[in-house]
Every structure is written in C-alpha cells, then in structure tokens.
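Number of protein chains: 2
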Amino acid sequence: MARNIASREKDYSQWYLDVIKAAELADYAPVRGCMIIRPDGYALWESIQKHFDEAFKDTGHVNAYFPLLIPISFLEKEAEHVEGFAPECAVVTHAGGEELEEPLVIRPTSETVIGHMYSKWVQSWRDLPILINQWCNVMRWEKRSRLFLRTSEFLWQEGHTAHATREEAVEETLKMLDIYRDIMENILALPVLAGEKSEGERFPGADNTYACETMMSDRKALQAGTSHFLGQNFAKAFDISFQNRDGELEHAWTTSWGVSTRLIGAIVMTHSDDDGLVIPPRVAPVKVVVLPISPDRDLVDSKLMPKSSEIAETLNAILGKRSVKVDTRFHMRPGDRFFANIQKGIPLRLELGEKEYQREVFQAVRRDNGERFDIPWDQAAVKVPEILEDIQHNLYNRALEFRKQNTFKAGNFEEFKDIFAGKGGFVEAFFAGGKEEEKLIKEETGATVRCFPLEREETGTCFFTGKPGAKLAVFAKSY
Amino acid sequence: MARNIASREKDYSQWYLDVIKAAELADYAPVRGCMIIRPDGYALWESIQKHFDEAFKDTGHVNAYFPLLIPISFLEKEAEHVEGFAPECAVVTHAGGEELEEPLVIRPTSETVIGHMYSKWVQSWRDLPILINQWCNVMRWEKRSRLFLRTSEFLWQEGHTAHATREEAVEETLKMLDIYRDIMENILALPVLAGEKSEGERFPGADNTYACETMMSDRKALQAGTSHFLGQNFAKAFDISFQNRDGELEHAWTTSWGVSTRLIGAIVMTHSDDDGLVIPPRVAPVKVVVLPISPDRDLVDSKLMPKSSEIAETLNAILGKRSVKVDTRFHMRPGDRFFANIQKGIPLRLELGEKEYQREVFQAVRRDNGERFDIPWDQAAVKVPEILEDIQHNLYNRALEFRKQNTFKAGNFEEFKDIFAGKGGFVEAFFAGGKEEEKLIKEETGATVRCFPLEREETGTCFFTGKPGAKLAVFAKSY
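Those protein sequence lines, which keep their order, are chains D and P. According to my numbering, the first sequence holds residues 1 to 479 in order. According to my numbering, the second sequence holds residues 480 to 958 in order.
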C-alpha cells in the first residue's frame, strides 16, 4: 500500500483526495471552492470530451458558444429556475471601473440566455430543430467543495435543443440519455442505471429529468449525467415561437442535457484502489508506459532506450498519437518509478531491463489486477491492444459485479432502514410517494430516489405508502 | 453583389458586420460588449484550435485549466500588470447570497493565478520547464465592441511556461511566435510580419513582447497573436523559485503567449469579398458543398441525391469527416441556394443538375475567384483535393501581393504623413523613438509601430528623430 494514500476502508474521503493528489489530477485553487485541473487531469477530460463530442456530432448536433454573463432578469423569467439557481450564483456588480446598471450572474447553466437567442433565430418550422451543444465553464457557489464532485466552478457540456413537437423533444431527451449511458459504459467502464428522476430531484424548470446513476466503490450513488425534457416552460418564458406548417403560431419544445468534469470523480471512485488511480484504457490519455530500467547507463543508452522508443512508436501508430510514454526518469529509484506510474493509473506498464533485453521480451504489468507476464517483442503490436481491451472489460465487469452484490430489495421501510443502517448500497423498492415522502425517507436514512430505471417496467405495492401500482425505484445515498 | 452585404469600398465597417451576419458566424449578446459564437463560427474556431493545439502538443506542451476568478490582490502583486488590466476587469462582489470578503475579478489573463500555482509546483530544477497551455474564456470590459476583434468576453489560448534559464525562456518565446506564424501563414493563409513590439505596445509586466501582424483588406494592421518574454517579473512577484543544480535558490524565467477568436476576424477581413465570407480550405470546417439541383423531384430522389451522397462519402474519406456537405434545401430557389453557400465562404461548390448528370460531371465553382468548370465524376476524388490546395495557395498569394502593393517606405515624417493622409498601408521606416515619439506620431497620423520585423536586420537614420543606427520598424493604423 502506498504511504501517500489513505486506505479506502479506513477513510474513503481522504483516500479519494489522496488518489487525486498522487495522480496530479487537480489542486484546490486560491479561490475558495474552485479547482485547478492539472495537465494529467485535463488530458483525461479532453479524452472524455472527444468521445462525447464525436457522438453529439454523429447525431447531428453542432457546437456554439454563448456568453458567460447573464442578466439577473433573465433568470427571473422562469419562476422555478430562478428559485433553484439564484442562491448559488456569483454576481458581477462592477465592470470597466463602473457599477453596472443591472447586476450580471456568471452562468450556472445557460437555458435562459440560449432561450433568449433561440427566440430570435426561430421563426418558422423550417428553423427547427435546433441542435446545439456548448462546452464551457459554469459557476455554482459551493460552501463545501470536493474536487471534481462539487466545486464552485466546473467544466461541462450543455446541450440545448428546440423542436416543433413534444414527441420529438421527448425522443431527443431519451436519445441523449442513451448516448450518455453508452459512452459511460463502453468508454469510461461505468455501469449505469438510466432512469427518470423523482419530482424532488427534477431540474428547476423541467417537466421531466432523466439521469445516469452509477455506484461508487463506497456503495454511494453518483449522478453522472442528466437529460431534461423542458416542455414548453422555457419556450414560453423566452417566447421561442414558430409558424407551423399550417401557418399557426406555436411555442417550441425544448430539452437540455449535460455531463461535467464530475465524470473524472466517477472514474476515480469506481476503478481506483489503495495504490491509487486506475483509468480504463479506452479513456486513458496514456494507455501504456514503457520503462527502461538499469543502473548501467551504457546499456540504457545503447540498447534499452532505442528499443523502448521503437516499441513506443509502433504502439502509438496503433493506439493513437501520444498514447504511449517512455519513462526516462533515471534519476529516480526503480521502485519509485514503478510507483509513480501505478499512481497515475496508466493501464499497462512494459518494463525493459537487462534480462528482458537478452530474452527479447517486455515484462508487462497490468494496472487493474497487478498481473505480471512476458510479452515477446515481436508479439507486442498484437498483444498489447488485446490486453488493453481485456483490462477495459475487466474493469467494467468488476464494477458491474460490485453493483450487483450491493443492490438489495426492500419490501417495507424496516428492511429499507436496516440496509442503510448497515453498509448501504442500491435499494430497489416500489415507490409511489411524492416530495414529502422522499423528504421523510431522506431524513431517516440519508437515502434518496436515484431514479426509476427505464428498463424496469414492473409495478407493485409501495414500500412506504402501501399504495398499489407503484413504479420500481432505486434508492441510495448519493454524492 | 449581395443585397444583404454593404460594399467594402463604401463602408468597410458595415461590410465586416454584414459578412459575419450573412455567414451566421456570430451575434451580439444581450449583455453589452459580449458575443455569441454561432455554430458555423464555432466550427471555424474548433478548426483553428485543432491546428494550434496539435502544434503545441507536438512541441511538448500540455493543457490544463486554471480558475476563472482571481483575487484582486493577485493582480496587485505585479505593478505594471495591475495598472494595465484593473481598469478593464469585471468584478464579482457577491456569491452564494453573501458579499465576498475580497472581490474577485474574472480573469483578463492568467499570469497571476498561474504564477501562484507554479510557485507551489516548482522546487527543483528537475520540475522545470513547465510547459502549460490553457484554452478558456477571458474578460476585458469594452466600451466599444466589435465582433471577434474587440469583445468583453472572448475565447483564447494562453500558454504559460517557466524555465530555469533566461536563454531557454527567450528561446521558448520565439519558438511559439514562429509556431503562430507558421499556422497563420500555412493554414489560415494570412501573410504575417513577425517581430518585436515597441516599448509602448508591450504586455503589462513583460520584458519583451513579440507579435504576428497581418494586413487586413482595408490596409490596417491586425495583431493576430503575441508571445511575451516575462523575464523574472512574475517569478519574483509570485516567488516561483527553484534549487538549481548547484543547490542555490534562483527565480524562474517565464513566458506567456496567446491567440484568440480574433483570428476569425482576421480571416474575414483578409479573404472575404463583397459577396461575403471566404474561408481558406485548410481551415474551413466545410470544404466542399454538393448541390443537387432540379425542379424534377423524381430525378432528385432517384439520381441526383444518391450521386451527391456518394461523392460526399468519397470526399469525406479523403478530406476528413464532415468536410463535405450535401445541400438539400430544395424548398429554396436555386439562386438563393447558390448564394447561401457563397456567403458561408465554402471554398468549393459542386453543382449537379440534369445536364451534369447526363454528362457524368459536376459543375465546380471556386469561391475564391468564381471560376466554373466541369469535373468528371471519376476524377473528383483526385481533382477536388488538388483544387482545394490551389485555392489555399491563391488566397495566401493574393493576400501577400496585396500587402506588398500596400507597403511603402518613408525616409522622413512628411513622406510618412502623406501616406497615412492617403490610403494608408504598412510603412517601413527606421525608428529610434520611445514612448513619447510613438505618441506624437499616433496623434498626428493614427499610425503606430506594429513591430520591428525579426527578419529585417538593416539599420538606418530614424525618420522621426534623425538618430543614426535606428532599427527598421513597420508602422500602420491598427485594429
């Protein structure tokens, strides 16, 4: 176990921060509640972005950029929206040496200013749908911050679409939820429960909110992405209206959806261990590190380095530019070099010392399970990509198995309370309560409805109210 | 000439805004001085970003993210810096429903907060160099804004590096200047004068500022990118110090360099014409538009559309995903469809009507010179990339020729004044004046020293002060 990382069992919160620190993913900023995303953390974010961005574009979405500052009066146009966000806003009162006539808030989300622009861009049904996404920073003031999970400023994408019909907007909401699920599962190796949020957890101003919920290794849930069906609420507040094919004026139907740098927190808390960070290969910026190791500097220069550079070049051509790194920190002790790469979460290490050189092999070490084995030089180009895929699947399956083992059923509140009095986890229960019942359950157990999973259509008697025909809900404590 | 675009000759400012509006690149935001970058403008920015980002990474730089908000006290640590930027800052005084103890400014640039972090990350010479870049939004409050050229919020990249020696930092400053010049010339087709700025135009807090200066089609100069050698100014203000190889404590040497969404303005004002936007092919998000055209809907569905999709697919595989678009706006009149694509600046149009279909050709139309010619179907995969390259070179050469024809020499102030009393342009003159002389020249002519070009080492008698041994400067009116 690493001396610079707390044990997961003993202190999960400290372990989380230690893993991030040891991997140099992020630092707290001098401004309270804000963070600095360090180069290795940012490279991970760029890799995450690339996968989502490509999927958005493949489904006809385009990127744009809307302003950072929003007049307070815009927020006030949608009653639930301002109630939800105004308390968290950072407010600009002065600029250019003068007091502003109207204070401006730093965007906590952009439905309002985007709604304002859409009302100008949309006149006819031919102008619809608008399928725009924005990658940007947003600000929601936090008293208690936590790197990646809850910071005053964070990076995200926010999709904002407008449609001619309710049906099309609902379809878009669910399509984006499914794109999120797909990338989270297949690229980030996060098993996802995709479902509808309860009334109490809805986005301020939405008719329905859907979310991807994932289980962290402390059995708590993390909401990893949300997709909102906004009905005509924002279209009415900002007058996004259009002439339909029959020449009649109608309000548009809108959606919004987002994922953020929070996903880095999800990766950390799903896959990492007491030795530090573990990154799934498909999203890892550096997938392989090659370590030439020898106290004999001549051997290093004449043989180990040339061979290391050669395999790096070969693998980069297969895995993508800059996917393979050669570690040249010869001033460090070998053990420290191993550890530095382990803590960075690099999926596969290829060691090359004198013995390996003579036998024309690399000694490979998998980050996910610590397994060591030889890979002959002439098989590396084939074997390495295979092993990386195997690591990817192993990480996903391990997380899925963990979720299964920590998912329970509760038929009544006693059973429910017992689970959360113990280790907790995900609890499946039929539930027909509203905001009030959710509040009572949370007060007594700390758990909330994470979602009503989309793929589970069975109904039954509500574990809390006893009402029949209740939908299946999944409860958990959450981040 | 387009009815929705003013003539360049008659009203250059209006022409510029009309071109941007017709191409749907950007809109003014509801917040004064801010802009919305619309999807086609943002796609152009993404394409610009991709080229710069790749060049930064190829030279060992990594991306990171630093916070949006900076304590005012940080700016105050570097005297010239705060003097230069404080008057332009937007200030957050309230957040989370409370008044802040210390007001925070929205970053106008990030030397200060990055300096603060570097002081924590750097201990030994082994921690150097730090080669970090950040892509982000910044804010400098503007009273008179102009889309892309001067807006309160804009997008940019800011590179911030720290080095163990002065020599290495100077080398970095000039290396990044040269990377800027290379991409501007070879990708954006902007002929560049790269050189050192005069004392009066230096970045607040820099020892030396270098810039890439380009000539717009109204003969004014636009500063398209800058690279600053910051000496030890910020290292001393923020205590970025390290133990050198001899165990002694030294301050680091830092640089910073940036290009912004201003480059979109440079593209517009260098290449566009009275019909609207012209984008050089290498940076154009959409390089080719295919237009199936016929009033006969059956012909469109059965023959023109399948053939259009086929060529789009073939060319996308060669030119890059989404480089080729098929225009399916059959509800518009053919003339309007031509015009819509012309105004978007798409380098090459391939028209496919009944006649072309029968002859198995596309009618190609170049955006740069309006030339029309046939391309047989079976030659398109070879010809189209060749024509795009020819357009690229033609745009660059045309801009370079324009600059040459509008560059003059002045031996004394009378000659100098005559030039700027006329059409203006770039004026080469030996100059040994300081801030005071620069001010006088500007007051009388509107022109300023754009730079002392690096490649011109000749010296002569100063046209203004009569001093001998003066360096060659290039003067112009500027944006």
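By construction, the Cβ of each residue, glycine as well, lies at the ideal position given by its N, Cα and C atoms.
{"Asked": "Within 10 Å of its beta-carbon, does residue 382 of chain D have 16 or more other beta-carbons around it, so buried, or fewer, so exposed?", "Found": "exposed"}
{"Asked": "Where does residue 748 of chain P sit, in a helix, a strand or coil, going by DSSP?", "Found": "helix"}
{"Asked": "For a quick check, are the C-beta atoms of residue 756 of chain P and residue 822 of chain P less than 8 Å apart?", "Found": "yes"}
{"Asked": "Would you call residue 273 of chain D buried or exposed, if buried means 16 or more other Cβ atoms sit within 10 Å of its Cβ?", "Found": "buried"}
{"Asked": "Just the C-alpha distance for residue 11 of chain D and residue 17 of chain D, rounded to the nearest angstrom, thanks.", "Found": "10 Å"}
{"Asked": "Please state the DSSP three-state secondary structure of residue 704 of chain P.", "Found": "strand"}
{"Asked": "In terms of residue numbering, what span does the alpha helix (DSSP H) encompassing residue 896 of chain P cover?", "Found": "892-900"}
{"Asked": "Taking 8 Å as the cut-off, decide whether the C-beta atoms of residue 33 of chain D and residue 141 of chain D are in contact.", "Found": "yes"}
{"Asked": "How far does the alpha helix (DSSP H) with residue 316 of chain D in it extend, from its first residue to its last?", "Found": "305-319"}
{"Asked": "By how many angstroms is the C-alpha of residue 146 of chain D removed from the C-alpha of residue 79 of chain D?", "Found": "29 Å"}
{"Asked": "Are the C-beta of residue 573 of chain P and some C-beta of chain D separated by less than 8 Å?", "Found": "yes"}
{"Asked": "How would you write the range of the beta strand (DSSP E) that residue 397 of chain D sits in, first residue to last?", "Found": "Note, residue 397 of chain D: premise wrong, no beta strand (DSSP E); alpha helix (DSSP H) at 380-405."}
{"Asked": "Counting only Cβ pairs nearer than 9 Å, list the residues of chain P close to residue 88 of chain D.", "Found": "574, 575, 576"}
{"Asked": "Just mark residue 7 of chain D as buried or exposed, buried being the case when its beta carbon has 16 or more other beta carbons within 10 Å.", "Found": "exposed"}
{"Asked": "Going by DSSP, what residue range makes up the beta strand (DSSP E) through residue 579 of chain P?", "Found": "577-585"}
{"Asked": "Which residues in chain P have a C-beta closer than 8 Å to the C-beta of residue 324 of chain D? List them in chain order.", "Found": "Result: empty, since nearest Cβ-Cβ is about 14 Å, beyond 8 Å."}
{"Asked": "Counting C-beta neighbours from all protein chains within 10 Å, is the total for residue 796 of chain P 16 or more, i.e. buried, or is it exposed?", "Found": "exposed"}
{"Asked": "What are the complete alpha helix (DSSP H) segments, minimum 4 residues, inside the segment 604-687 of chain P?", "Found": "645-665"}
{"Asked": "By DSSP, does residue 833 of chain P sit in helix, in strand, or in coil?", "Found": "helix"}
{"Asked": "So, residue 706 of chain P versus residue 669 of chain P, is the Cβ gap smaller than 8 Å?", "Found": "no"}
{"Asked": "Quick one: any contact between the segment 156-171 of chain D and the segment 280-288 of chain D, if contact means 3 or more CB pairs under 8 Å?", "Found": "no"}
{"Asked": "Determine the extent of the beta strand (DSSP E) in which residue 853 of chain P is found, giving its start and end residues.", "Found": "851-855"}
{"Asked": "In chain order, what residues of the segment 15-36 of chain D put their CB closer than 8 Å to some CB of chain P?", "Found": "27, 29, 30, 31, 34, 35, 36"}
{"Asked": "Is there contact here, the segment 390-402 of chain D with the segment 432-447 of chain D, by at least three beta-carbon pairs under 8 Å?", "Found": "no"}
{"Asked": "Based on the DSSP output, what are the partners of residue 769 of chain P in its beta bridges?", "Found": "P:805, P:829"}
{"Asked": "My guess is that residue 461 of chain P and residue 695 of chain P are in contact by the Cβ rule of under 8 Å, so how many angstroms apart are they, rounded?", "Found": "The structure shown has nothing for residue 461 of chain P, since chain P only spans 480 to 958."}
{"Asked": "If the criterion is Cβ atoms closer than 8 Å, does the pair residue 961 of chain P and residue 791 of chain P meet it?", "Found": "The shown model of chain P, from 480 to 958, leaves out residue 961 of chain P, and the question about it has no answer."}
{"Asked": "I'd like to know if residue 63 of chain D contacts chain P, where contact means its C-beta is closer than 8 Å to some C-beta of that chain.", "Found": "yes"}
{"Asked": "Using the three-state DSSP reduction, which class does residue 120 of chain D fall into: helix, strand or coil?", "Found": "helix"}
{"Asked": "Quick one: does residue 42 of chain D have its CB under 8 Å from some CB of chain P?", "Found": "yes"}
{"Asked": "For the candidate residues P:829, P:542, P:720, P:852, whose alpha-carbon lies nearest to that of residue 44 of chain D?", "Found": "P:542"}
{"Asked": "For chain D, is any of its Cβ atoms less than 8 Å away from the one on residue 604 of chain P?", "Found": "no"}
{"Asked": "For the alpha helix (DSSP H) that residue 42 of chain D lies in, which residues bound it at each end?", "Found": "39-58"}
{"Asked": "Is the beta carbon of residue 461 of chain D less than 8 Å from the beta carbon of residue 470 of chain D?", "Found": "yes"}
{"Asked": "Quick check on the burial criterion: 16 or more other C-beta atoms within 10 angstroms. Buried or exposed for residue 947 of chain P?", "Found": "exposed"}
{"Asked": "Within this structure, are the beta carbons of residue 827 of chain P and residue 867 of chain P separated by less than 8 Å?", "Found": "yes"}
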